[in-house]
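Each protein sequence line maps, in turn, to chains L and V.
According to this note's numbering, the first sequence is numbered sequentially starting from 1.
According to this note's numbering, the second sequence is numbered sequentially starting from 118.
Beta carbons are placed, not taken as given, at the ideal position from N, Cα and C, and that holds for glycine.
The model shown is predicted, which means the values in this text are computed figures rather than measured ones.
In what follows, a single structure is set out as structure tokens and then discussed.
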Amino acid sequence: NAGVMQNPRHLVRRRGQEARLRCSPMKGHSHVYWYRQLPEEGLKFMVYLQKENIIDESGMPKERFSAEFPKEGPSILRSQQVVRGDSAAYFCASSPPVASGGSGEQFFGPGTRLTVL
Amino acid sequence: QKEVEQDPGPLSVPEGAIVSLNCTYSNSAFQYFMWYRQYSRKGPELLMYTYSSGNKEDGRFTAQVDKSSKYISLFIRDSQPSDSATYLCAMLGGTGGFKTSFGAGTILLVKA
């Protein structure tokens, strides 16, 4: 059973460019979380999604970021116009549906390291 | 005040020592408590997951939750150099729903 997959692993963008990060959850998981981790800091929650539905986006700068988790395909975290402060590691985590016993156990992907020049 | 407080360390111990890692929190509504281990430039790996107060043991790891004191701990027995990593506490529940709050992480160094 493959774990959480993220791609690309590294992404370099110039200020103002778009950045698109992908996350494929573990098989059977229908919940996806996105986090941002700056050097020397902990994980900061950005957004929580279920299939075709954004549950909580309170941690995401909505003027520049958007997220989706379509019925088919990976979850996408997108920044329309990156700024230098967006340079960070972005982690995706997935968890199983509550109905199957999951209540918060999140399994993380390897992360995408975004560098904004 | 941060919602979750965690001493960043680094904590340096000799191989074989018992390690105690701790977090305090301010939101009394938290119900689920996790510990993650993160190696450099890798994603966090779930170590322990507990619900409400009490102890949970898994091999060399023991997680403790004291909701009355808003204090959680992770104990590592017979520590090994391979345990050297950053340990993150995390918690969720209550009015925050599934929004998980993480501590900043404690760097642990186990010297051979």
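| Item | Value |
| --- | --- |
| Which ranges does the beta strand (DSSP E) cover as unbroken runs of at least 3 residues, wholly within the region 25–51 of chain L, from first to last along the chain? | 31–37 and 43–50 |
| Can you tell me which of V:143, V:131 and V:161 puts its alpha carbon nearest to the alpha carbon of residue 189 of chain V? | V:143 |
| Give the secondary structure of residue 56 of chain L by DSSP, where H, G and I count as helix, E and B as strand, and everything else as coil. | strand |
| Restricting to Cα atoms, I'd like to know which of L:44, L:51, L:34 and L:53 is closest to residue 20 of chain L. | L:34 |
| With H, G and I counted as helix, E and B as strand and the rest as coil, what does DSSP make of residue 62 of chain L? | coil |
| Take every Cβ of the region 119–127 of chain V, pair it with every Cβ of the region 67–76 of chain L, and state whether three or more of those distances are shorter than 8 Å. | no |
| Taking residue 42 of chain L as the reference, which of V:172, V:193, V:121 and V:200 has the closest Cα? | V:121 |
| For the region 49–71 of chain L, which residues have a CB atom closer than 9 Å to at least one CB atom of chain V, in sequence order? | 55, 56, 58 and 59 |
| Report the three-state DSSP secondary structure of residue 216 of chain V (helix, strand or coil). | coil |
| For the region 75–97 of chain L, which residues have a CB atom closer than 7 Å to at least one CB atom of chain V, in sequence order? | 91 |
| Quick check on residue 195 of chain V: buried or exposed, where buried means 16 or more other Cβ atoms within 10 Å of its Cβ? | exposed |
| Could you have a look at residue 171 of chain V and say whether DSSP puts it in helix, strand or coil? | strand |
| Just checking: is the beta-carbon of residue 110 of chain L within a distance shorter than 9 Å of some beta-carbon in chain V? | yes |
| Using a C-beta to C-beta distance shorter than 7 Å, which residues of chain V count as neighbours of residue 42 of chain L? | 205, 219, 220, 221 and 222 |
| Strictly by DSSP, which residues pair up with residue 108 of chain L? | L:93 |
| Consult DSSP for residue 198 of chain V and reduce its assignment to one of helix, strand or coil. | helix |
| Between the region 6–13 of chain L and the region 38–52 of chain L, can you find at least three pairs of beta-carbon atoms closer than 8 Å? | no |
| Can you list the residues of chain L that residue 184 of chain V reaches, using a CB-CB cut of under 7 Å? | Neighbours of residue 184 of chain V on chain L: none; closest Cβ ~15 Å, over 7 Å. |
| Assign residue 221 of chain V to one of two classes, buried (16 or more other C-beta atoms within 10 Å of its C-beta) or exposed (fewer than that). | buried |
| Would residue 105 of chain L pass as an interface residue toward chain V - the criterion being a Cβ-Cβ separation below 9 Å? | yes |
| If residue 108 of chain L and residue 4 of chain L are in contact, beta carbons under 8 Å, what's the gap, nearest whole angstrom? | 6 Å |
| Is residue 113 of chain L close to chain V, meaning its C-beta is less than 9 Å from at least one C-beta of that chain? | yes |
| Could you tell me the boundaries of the beta strand (DSSP E) in which residue 11 of chain L lies? | 10–13 |
| Between the alpha carbons of residue 207 of chain V and residue 81 of chain L, how many angstroms are there, rounded? | 31 Å |
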